[in-house]
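Residue 65 in numbering that gives the first Met the number 0 is what sits at position 66 of the sequence shown, and the numbering runs on without skipping anything.
We put the beta carbon where it would ideally sit given N, CA and C, even for glycine.
Let me begin by presenting the structure, written as structure tokens, before commenting on it.
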Amino acid sequence: MKNPDVIIRKCVYANIDDLNAIGMLINAYIEDDMGGGEPLVKQQQLRLAEALGQHPKSIVLLACIGEVKCGMLVAFENFSTFTVSPMINIHDVIVLKEYRGNNIGRRLLDAVINIAKERRCSRITLEVRKDNQVARRLYKSVGFEAPVPEMYYWRKNLME
């Protein structure tokens, strides 16, 4: 299916199909070669959807072809002390394997870029695996680049 009619829209948390899509899409990402980890069980999926809906600065966009939710972008608005303005961090960009190659990821990114502009954000950040060349090419094509000086992603796990 090349160039399908894709609609990018905000998640409607009162819509059970949207809530189920969050769980299905995050599990597709976790199970992907670029994911990693254990899929969420149904209770965790519902807890995730509820938590995203309650988070005051979450941005959850769904890519839809008809009734099929084939992609999702999860981001959070934050605040930059350096620019003294809001910023957005993209946490997840997901496109189901069978729908890749249809510019769905690009459309999701374009939508969050428009949201950032409307909110007068100074920047959008994201992290990407070094070995995920497909995603890196997509991000570069819409204007993302490594910062100067280049940064490292670090973390301290508190829960195992």
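query	result
The region 38-49 / the region 11-26 touching (three or more Cβ pairs under 8 Å)	yes
Sequence-distant residues of its chain with Cβ nearer than 8 Å to ARG119 (five each side left out)	SER84 and PRO85
CB contact flag (LEU137, GLY104, <8 Å)	yes
Opposing strand residues paired with SER84 [DSSP bridges]	SER79
Pair within 8 Å by beta-carbon distance, ARG8 and LEU51	no
ALA110 versus VAL92, ASP31, GLU37 and VAL127, residue with shortest Cα-Cα distance	VAL92
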